[in-house]
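Undergrad: Here you go, one structure.
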Amino acid sequence: MIALLGLVVGVIAGLFLEPSVPLGLQPYLPIAVVAALDATFGALRALLDGIFDEKVFVISFVSNVLVAALIVYLGDQLGVGSQLSTGVVVVLGIRIFSNVAAIRRHLFHA
Amino acid sequence: MPDATPGPGPDDETRTVRPAPSPRTPPDGRRRLLGALRAHPSRGQAVAGVLLALLGFAAAVQVNAVRSDTPYAGARRDDLVQLLQSLSAAQDRAASQLAELEDTRDALEESTDQRATALQEAKSQLEALQILSGTVGATGPGIRITIRDPDGTVGARTLLNAVEELRDAGAEAVEINDDARVVAQTYLSDGADLTDGELIVDGRPVRAPYVLEAIGSTETLSEAVVFPGGLTDEVEALGGTVTVETSDEIEIASLAPEPDTEFVEPST
Numbered sequence: 009m010i011a012l013l014g015l016v017v018g019v020i021a022g023l024f025l026e027p028s029v030p031l032g033l034q035p036y037l038p039i040a041v042v043a044a045l046d047a048t049f050g051a052l053r054a055l056l057d058g059i060f061d062e063k064v065f066v067i068s069f070v071s072n073v074l075v076a077a078l079i080v081y082l083g084d085q086l087g088v089g090s091q092l093s094t095g096v097v098v099v100l101g102i103r104i105f106s107n108v109a110a111i112r113r114h115l116f117h118a
Numbered sequence: 642m643p644d645a646t647p648g649p650g651p652d653d654e655t656r657t658v659r660p661a662p663s664p665r666t667p668p669d670g671r672r673r674l675l676g677a678l679r680a681h682p683s684r685g686q687a688v689a690g691v692l693l694a695l696l697g698f699a700a701a702v703q704v705n706a707v708r709s710d711t712p713y714a715g716a717r718r719d720d721l722v723q724l725l726q727s728l729s730a731a732q733d734r735a736a737s738q739l740a741e742l743e744d745t746r747d748a749l750e751e752s753t754d755q756r757a758t759a760l761q762e763a764k765s766q767l768e769a770l771q772i773l774s775g776t777v778g779a780t781g782p783g784i785r786i787t788i789r790d791p792d793g794t795v796g797a798r799t800l801l802n803a804v805e806e807l808r809d810a811g812a813e814a815v816e817i818n819d820d821a822r823v824v825a826q827t828y829l830s831d832g833a834d835l836t837d838g839e840l841i842v843d844g845r846p847v848r849a850p851y852v853l854e855a856i857g858s859t860e861t862l863s864e865a866v867v868f869p870g871g872l873t874d875e876v877e878a879l880g881g882t883v884t885v886e887t888s889d890e891i892e893i894a895s896l897a898p899e900p901d902t903e904f905v906e907p908s909t
């Protein structure tokens with residue numbers, strides 16, 4: 009419940025405060041959001057599996073975001089930034105799909 | 642990248658197979674979800690809430706940025722450099738086009754100026770020629786000479802001398818008796834009866850007293866009339882009188898007959 013409330017509060021704050029993205033963070037924010045989404049869906053699936061652990065969730069969330077940003081940063085330094093960020097998005101997208109599939113089976117038995 | 646799901650981390654194959662054979666699992670998942678939603682506030686819930694708030698905040702900010710910012714805000718450096726290069730190339734092209742057009746404009750302005758100057762010169766030339774040929778009226782400072790001839794002794798020769806003296810003094814337009822414009826083609830001859838006091842100017846009779854109006858420098862023209870042995874002396878020797886008055890506003894309204902050339906043609 010609190011988690012859902014937090015999500016809603018975050019979205020509302022982002023929409024109404026309308027902060028501008030710092031220039032240095034601009035390439036990393038979209039990737040970080042996708043990575044955090046992946047962690048969140050993984051956590052939801054773990055919850056349905058009955059193996060949710062808040063410590064694991066925190067660590068996976070933070071490390072997902074950091075690693076995704078690091079990969080994009082490395083890609084930028086190597087000159088393959090756009091390709092690497094595409095790759096990261098594809099990988100995270102596949103993981104999100106598989107997690108959502110598992111959640112769907114739990115909730116709808118299908 | 643660390644796995645978000647703790648535990649067995651099964652591959653997709655086992656996932657696809659698992660829910661079907663065990664009828665016990667599905668109610669488990671739903672119950673757990675409902676349980677989590679109804680759960681009392683705990684540290685885990687709070688942490689998850691904070692992280693999800695972060696996620697929502699970042700997502701909303703990013704969506705806003707993509708929607709409101711310029712399309713280049715999220716572009717990569719390489720793309721931006723390429724864009725910049727193509728833009729500066731376009732700017733160079735536009736600048737060279739601008740320089741070309743400015744050159745063209747300058748050339749056109751110059752030729753327009755030249756044409757205007759030529760037109761003005763032609764106009765002033767036309768005016769001078771019109772006055773010289775007597776096809777337009779003329780006005781300006783000058784003198785008016787009145788020759789009275791009670792005896793009818795002043796003839797074409799005297800008047801011709803007077804006209805020549807005036808021309809010598811720089812008269813720019815000459816008229817006799819407000820009627821006969823004196824131009825290059827003008828001829829003077831005595832009338833049928835000299836004592837009648839009549840002259841023929843361009844085929845038209847002109848009667849005494851003769852009034853010559855001339856436009857030019859008033860001083861020079863007056864001098865030309867009254868110098869010793871000049872017009873005044875000549876006319877007085879013949880028994881007539883000459884009066885000269887200067888005016889700042891001599892009006893010459895008569896026009897010379899239209900020149901009619903039958904034989905002559907301009908030589909190339």
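Protein chains in written order, with this note's numbering: chain C, 9 to 118; chain A, 642 to 909. Ideal Cβ placement from N, Cα and C applies to all residues, glycine included.
Which ranges would you report for the beta strand (DSSP E) in the region 781-815 of chain A if only whole runs of at least 3 residues count?
TA: For the region 781-815 of chain A, not a single whole beta strand (DSSP E) run of length 3 or above is found.
Undergrad: Hey, N72(C) and A44(C) are a contact pair by Cβ (cut 8 Å); roughly how many whole angstroms apart?
TA: Contact flag correct, Cβ pair sits at about 7 Å.
Undergrad: Leaving out five residues on either side along the sequence, give the residues of the same chain with a beta carbon under 8 Å from the beta carbon of P643(A).
TA: Note on P643(A): pLDDT 46, under 50, position unreliable in the model; the coordinate value appears next. Contacts found: none.
Undergrad: What residues of chain C sit near Q726(A), judged by a beta carbon separation below 8 Å?
TA: The contacting residues do not exist; Q726(A) stays about 17 Å from chain C at best.
Undergrad: Can you tell me the Cα-Cα spacing of G881(A) and R785(A), whole angstroms?
TA: Each residue's Cα considered, the two are about 16 Å apart.
Undergrad: Please classify I102(C): is it buried, with 16 or more other beta-carbons within 10 angstroms of its beta-carbon, or exposed?
TA: Result: exposed.
Undergrad: Can you tell me the Cβ-Cβ gap for F698(A) and A21(C), rounded? I've got them flagged as a contact below 8 Å.
TA: 5 Å between Cβ atoms; contact.
Undergrad: List, in chain order, every chain A residue whose beta-carbon is nearer than 7 Å to that of T48(C).
TA: Here the neighbours are L693, L696.
Undergrad: Give the interface partners of R915(A) over in chain C, defined as CB-CB distance under 7 Å, in chain order.
TA: This structure does not reach residue 915(A), given that chain A is present from 642 up to 909, and the question cannot be answered.
Undergrad: Counting along the chain, where does the beta strand (DSSP E) carrying R822(A) start and finish?
TA: Note, R822(A): beta strand (DSSP E), 821-823.
Undergrad: Return the CA-CA distance between A810(A) and V804(A), expressed in angstroms with no decimal places.
TA: One C-alpha to the other measures close to 10 Å.
Undergrad: Looking at the secondary structure, which residues open and close the beta strand (DSSP E) in which E839(A) lies?
TA: Counting along the chain, the beta strand (DSSP E) containing E839(A) begins and ends at 839-842.
Undergrad: Can you check DSSP and say which residues form a bridge with T884(A)?
TA: The partner list for T884(A) (beta bridge, DSSP) reads T787(A).
Undergrad: With burial defined as no fewer than 16 other Cβ atoms inside 10 Å of the residue's Cβ, what is the status of S683(A): buried or exposed?
TA: Exposed, since its Cβ has fewer than 16 Cβ neighbours within 10 Å.
Undergrad: Less than 6 Å between C-beta atoms, sequence neighbours within five positions excluded: which residues of the same chain meet that for F60(C)?
TA: A54.
Undergrad: How long is the line joining the alpha carbons of L773(A) and L767(A), rounded to whole angstroms?
TA: If you take the alpha carbons of L773(A) and L767(A), they lie about 10 Å apart.
Undergrad: For D831(A), verify whether its CB is less than 7 Å away from any heavy atom of the ligand NAD.
TA: Summarising the ligand content, the structure contains no ligands, and the ligand NAD is consequently not present.
Undergrad: Quick one: measure Cβ to Cβ for N107(C) and G58(C), integer angstroms, because I've assumed they're closer than 8 Å.
TA: Going by Cβ atoms, the distance from N107(C) to G58(C) rounds to 15 Å, so no, they are not a contact pair.
Undergrad: Could you tell me which uninterrupted alpha helix (DSSP H) segments, each at least 4 residues in length, are contained entirely in the region 29-113 of chain C, listed from first to last along the chain?
TA: Fully enclosed alpha helix (DSSP H) runs of 4 or longer: 37-57, 62-86.
Undergrad: Run through chain C and tell me which residues come within less than 8 Å of V722(A), C-beta to C-beta.
TA: Neighbours of V722(A) on chain C: none; closest Cβ ~12 Å, over 8 Å.
Undergrad: Got a sec, what are the start and stop residues for the alpha helix (DSSP H) S727(A) sits in?
TA: Where S727(A) is concerned, the enclosing alpha helix (DSSP H) stretches over 718-774.
Undergrad: Between the Cα of V75(C) and those of Q91(C), Y36(C), L86(C), V17(C), spot the shortest distance and give me the residue it belongs to.
TA: Among Q91(C), Y36(C), L86(C), V17(C), the Cα nearest to that of V75(C) belongs to Y36(C).
Undergrad: Contact criterion: CB-CB distance below 8 Å. Does D669(A) meet it with respect to chain C?
TA: It does: the Cβ of D669(A) has a partner Cβ on chain C nearer than 8 Å.
Undergrad: Quick check: what's the CA-CA separation for L25(C) versus V19(C)?
TA: In a straight line, the C-alpha of L25(C) is about 10 Å away from that of V19(C).
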